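Q:
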Amino acid sequence: MRKFRTYNEVDHSTESELLEQVVEHRARLARRLAGVGTVVAVASGKGGVGKSAVTANLAAVLAQRGHGVGVVDADLNGPSLARMLGVRGQALQDREDGVVPPRGAAGVPVISMELLQGAEDAPLRWRDPGTDTFVWQSTMETTALREFLADVAWGELDYLLVDVPPGTDKIARILELVPDLPAALVVTTPSEMSRSVVARSLRLLADAGVPSVALVANMTDYLCPGCGDRHPLFPGEGAAELAAASGVPIWARVPFDPRLAQETDAGRPWVLEAPDGDVARAFGELADGLEALGEETP
215 MRKFRTYNEV DHSTESELLE QVVEHRARLA RRLAGVGTVV AVASGKGGVG
265 KSAVTANLAA VLAQRGHGVG VVDADLNGPS LARMLGVRGQ ALQDREDGVV
315 PPRGAAGVPV ISMELLQGAE DAPLRWRDPG TDTFVWQSTM ETTALREFLA
365 DVAWGELDYL LVDVPPGTDK IARILELVPD LPAALVVTTP SEMSRSVVAR
415 SLRLLADAGV PSVALVANMT DYLCPGCGDR HPLFPGEGAA ELAAASGVPI
465 WARVPFDPRL AQETDAGRPW VLEAPDGDVA RAFGELADGL EALGEETP
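As numbered in my numbering, residues 215 to 512 make up the sequence shown, in order.
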């Protein structure tokens, strides 16, 4: 089986050789993404907002509607989407046109560092030349993500969702790899800390000229599994304040339901288990927004 070269050997190429490799990688990436209708970055800047669960459940809803959907887990150090989509431990397949990713819940193909590591608790380690380790690691992480995007046989897709790890620098990395990124969904919670961090992410995306950016207000209130009543989790409405200050619309308000995390963590996206519930309706609204965006694209 083909192995992604990045994870198995140290490249001691000269500067000119490295530049040549980067140019070739970019060309390969452009060819691969030509078969994708819309690349969507699912980002936040803030950790702990449920971004990966949003990605997994959104992918499942879009696939259920008949769309071709793929998922890239860009969180190399804390991957979770292989588990959330139920493919943890499955093998990648090699084909002449690229690496074939396993298909998880609702038939969604996913590539994640989880599929390339042995033990579940194995930390990510990069082989390096022993000097400038920090710079080397950053370069290797960027190359790894480029390979996830360019060397996987995605086929024809309507949507490719990229789950971006926390940190505005990680958003900048995706923008470097996909300079004409058409859409970004920015996940936030009602907390003041989330609002502050997410505001910086929105500013970064606006400065980069991403044409379509929308907010996903997650954990807006608590949905009691027993009685169905809803109760606020945080004071205030952080998403509404962000929308008013940035002009970015809110496409979905997802209530906090403990079953969403429990079932999704077990590889069963909750929208598939309870397709008529409040959570599924919220993700349906999010999918509506992406579908409307596709209709606007010439």
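Note that the Cβ used here is the ideal one computed from N, Cα and C, for glycine as well.
Fair warning: this is a prediction, and the values are worked out from it, not measured in the lab.
I need the DSSP call for V283, collapsed to helix, strand or coil.
A: In this structure, V283 counts as strand in the three-state DSSP scheme.
Q: Would you mind stating whether M433 and T402 have Cβ atoms separated by less than 7 angstroms?
A: Going by C-beta atoms, M433 is not nearer than 7 angstroms to T402.
Q: Taking W368 and G280 to be in contact with their CB atoms under 8 angstroms, please state how far apart those CB atoms are, rounded to whole angstroms.
A: Contact flag wrong, Cβ pair sits at about 17 angstroms.
Q: Kindly list the residues whose CB is nearer than 6 angstroms to the CB of V314, restricted to its own chain and excluding five residues on each side of it in sequence; keep chain order.
A: Counting only Cβ-Cβ distances below 6 angstroms, and skipping sequence neighbours, we find Q307 and A367.
Q: Between which two residues does the beta strand (DSSP E) harbouring G433 extend?
A: Here residue 433 turns out to be Met, not Gly, going by the sequence shown. Element bounds for M433: S426 to L437.
Q: Could you spell out the range, first to last residue, of the beta strand (DSSP E) harbouring V412?
A: Run containing V412: none in the beta strand (DSSP E); it sits in the alpha helix (DSSP H), E406 to A422.
Q: Once you ignore the five residues that flank R360 on each side, which residues in its own chain have a CB closer than 7 angstroms to its CB?
A: These residues qualify, in order along the chain: H239, L243 and L391.
Q: Could you check the C-alpha separation between A358 and D365 for me, to the nearest Å?
A: Taking the straight line from one Cα to the other gives about 10 angstroms.
Q: Would you identify the three-state DSSP class for F362, choosing helix, strand or coil?
A: In the structure shown, F362 sits in a helix (DSSP, three-state: H, G or I).
Q: Could you say if the segment 453 to 473 and the segment 429 to 444 meet the contact criterion of at least three C-beta pairs nearer than 8 angstroms?
A: In short, these stretches touch, since the Cβ pair count reaches three.
Q: Using 7 angstroms as the threshold, is the C-beta distance between V254 and L375 below it?
A: Going by C-beta atoms, V254 is nearer than 7 angstroms to L375.
Q: Please identify the residue among K260, R467, R414 and S230 whose C-alpha is closest to the C-alpha of A459.
A: The residue with the shortest Cα to Cα distance from A459 is R414.
Q: Below 7 angstroms between beta carbons: does that hold for L299 and V322?
A: Taking 7 angstroms as the Cβ cut-off, L299 and V322 qualify as a contacting pair.
Q: In its own chain, which residues sit with a C-beta less than 7 angstroms from the C-beta of A475, not counting the 5 before and 5 after it?
A: So the qualifying residues of the chain are A267.
Q: For Q304, which three-state DSSP category applies?
A: It is coil, neither helix nor strand.
Q: If I measure Cβ to Cβ from A320 and keep anything under 6 angstroms in the same chain, skipping five residues before and after, which residues do I get?
A: Answer for A320: A274, A277 and Q278, listed in chain order.
Q: How about A257 and V378: are their beta carbons less than 7 angstroms apart?
A: Contact: yes.
Q: Going by the DSSP bridge assignment, what does I464 pair with across the sheet?
A: In the DSSP output, where bridge partners are listed per residue, I464 has L429.
Q: Would you check if the distance between the CB atom of V485 and the CB atom of D471 is smaller than 7 angstroms?
A: In this structure, D471 does not lie closer than 7 angstroms to V485 by Cβ.
Q: Could you check how far apart the C-beta atoms of K260 and V411 are, in whole angstroms? I think they sit under 8 angstroms.
A: That pair is a contact at about 4 angstroms.
Q: Give the straight-line distance between the Cα atoms of L290 and M327, rounded to the nearest whole angstrom.
A: Using only the alpha carbons, I get a separation of about 6 angstroms.
Q: Kindly indicate which three-state DSSP category F470 falls into: helix, strand or coil?
A: Of the three classes helix, strand and coil, the one that applies to F470 here is strand, per DSSP.
Q: When we look at the beta-carbon of L233 and count the other beta-carbons within 10 Å, is it buried (16 or more) or exposed?
A: It is exposed - the Cβ of L233 has fewer than 16 other Cβ atoms within 10 Å.
Q: Consult DSSP for A257 and reduce its assignment to one of helix, strand or coil.
A: A257: strand per DSSP, three-state reduction.
Q: Have a look at the DSSP bridge pairing and note the partners of G312.
A: The partner list for G312 (beta bridge, DSSP) reads R309.
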